[in-house]
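Numbering (the numbering used here), first residue to last: -2 to 171. All C-beta atoms in this analysis are idealised placements derived from N, C-alpha and C, irrespective of residue type, glycine included. Report on the following structure.
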Amino acid sequence: MDTEKKCVICGREAVFYSEYLKQDLCKKHFERMLIKRVRSNMNSYKIKNQNFKLGSENKCGKEFLKFIVRDMESENGKVLHSYTLEDFAISVMGFFLFHNPSDKKIDDSGKFSPLFNISENEIISFFRLKKVNLKAVKRSKKEEAVLSFLRDIEERRPGGMISLVKAGINLGII
Ligand SMILES: [Zn+2]
């Protein structure tokens, strides 16, 4: 019996289960889905057709952004921050738990974080499929504690981190 998971779009062998879409995807469609999400984040904030300078806030995020805007990288471009879903989820949680105002905003006086709904797990998988080994980001003890709590929630309720970030956007926290 064929128990191999198949891509919902093309029927080829699936290599990634997207918690975001709740779908199995092959390499090609997983990559497309991820890049499309970043482009659509940029479009919805009307950020396109310009040069970009990439921030080094998050190593995984920066590698992924480099891949997406490599032809538009410039020292005097608009700043794209490399914060990921995890960074924003930690910030929103910090606001709820410790009443810490967030030190990062998605759209911050001309600077923009296009990866706010892209997880490090997705980015690492993206590069692993290209045979590039990317390591997870190292964080402070406090941040790691919040993140492990968030990953627990995510395991029980896939998409929980994205919902939290969306709530943070709606409440103006990030
Ligand atoms: Zn496919």
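Which residues mark the beginning and the end of the beta strand (DSSP E) in which residue i is found?
| i | result |
| --- | --- |
| S145 | Unbroken run through S145 is the alpha helix (DSSP H), K138 to R153; no beta strand (DSSP E). |
| S15 | F13 to S15 |
Since residue i is in the alpha helix (DSSP H), which residue starts that stretch and which ends it?
| i | result |
| --- | --- |
| L208 | Lying before the first or after the last residue shown, residue 208 is absent from the chain, which here runs from -2 to 171. |
| F124 | E117 to R125 |
| G157 | G157 to N167 |
Provide the residue(s) that pair with residue i in DSSP beta bridges, ordered along the chain.
| i | result |
| --- | --- |
| K108 | D105 |
| K3 | E10 |
Rounded C-beta distance between residue i and residue j? I'm assuming under 8 Å.
| i | j | result |
| --- | --- | --- |
| L77 | F49 | 5 Å |
| K3 | V12 | At roughly 11 Å, the Cβ-Cβ gap does not stay under 8 Å, so K3 and V12 are not in contact. |
| S37 | E54 | Not quite, the Cβ-Cβ distance comes to about 21 Å (not below 8 Å), so this is no contact. |
| V89 | I171 | 6 Å |
| L22 | I32 | The Cβ separation is near 13 Å, so there is no contact. |
Between residue i and chain B, is there a C-beta pair that is closer than 8 Å?
| i | result |
| --- | --- |
| L126 | Included in the structure is just one protein chain, with no chain B present. |
Quick check on the DSSP output: what are the complete alpha helix (DSSP H) runs of length 4 or more inside the stretch 47 to 92, in order along the chain? Counting only runs of 4+ residues, the alpha helix (DSSP H) found wholly inside the stretch 47 to 92 occupies 56 to 65, in chain order.
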